[in-house]
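Colleague: Residue 405 in this note's numbering is what sits at position 56 of the sequence shown, and the numbering runs on without skipping anything. From the three backbone atoms N, C-alpha and C, an ideal C-beta is built for every residue, glycine too. Since the structure is predicted, the reported quantities are computational estimates derived from the model, not experimental observations.
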Amino acid sequence: KLDERANTISSLEIYIKQYSDKQNAMADSAASLIEYDETGIEKELELNFNKAQRLLKKTQNERDTATGDVAAHVAKCSAALESYQNGAKEAISKAHQLEADIRDINRQIRDALGNKH
Numbered sequence: 350k351l352d353e354r355a356n357t358i359s360s361l362e363i364y365i366k367q368y369s370d371k372q373n374a375m376a377d378s379a380a381s382l383i384e385y386d387e388t389g390i391e392k393e394l395e396l397n398f399n400k401a402q403r404l405l406k407k408t409q410n411e412r413d414t415a416t417g418d419v420a421a422h423v424a425k426c427s428a429a430l431e432s433y434q435n436g437a438k439e440a441i442s443k444a445h446q447l448e449a450d451i452r453d454i455n456r457q458i459r460d461a462l463g464n465k466h
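(1) Nearest-angstrom Cα distance between Lys-350 and Asn-373?
(2) Just to confirm the assignment: which complete alpha helix (DSSP H) runs, minimum length 4, are found wholly within the region 351-389?
(3) Given this structure, state the Cα-to-Cα distance separating Ser-378 from Glu-384, to the nearest angstrom.
(4) Quick check on the DSSP output: what are the complete beta strand (DSSP E) runs of length 3 or more inside the region 402-460, in order along the chain?
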């Protein structure tokens, strides 16, 4: 009977050691996973931060480009308007000169007709 008990105790000790080894292995795996997760999360946060910075820079560049495009368009429109205004002023000036010339010609005709009579 003592041998049976010794065998049972020995078997239990082996079982407990195996169970303990499995528990230790699981604890090591869990520690590795936690460390990996912390590292992975840190790397992911860094990647997301870098991505956000790139998007912000891209958005700023697009805004600057759009602002430049708008400024160039405004300048072009302003130049076209100024050109149109200058052309209109010139046309008005020519119209006034033409009106004055017509009045002068009419006066000369009246004078010529008046001198004949």
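Modeller: For this structure:
(1) Residue 350 sits at position 1 when you count from the first residue of the sequence shown. Residue 373 sits at position 24 when you count from the first residue of the sequence shown. Straight-line spacing of the CA atoms in Lys-350 and Asn-373 works out to 34 Å.
(2) none
(3) Residue 378 sits at position 29 when you count from the first residue of the sequence shown. Residue 384 sits at position 35 when you count from the first residue of the sequence shown. Roughly 10 Å separates the two Cα atoms.
(4) Within the region 402-460, no complete beta strand (DSSP E) run reaches 3 residues.
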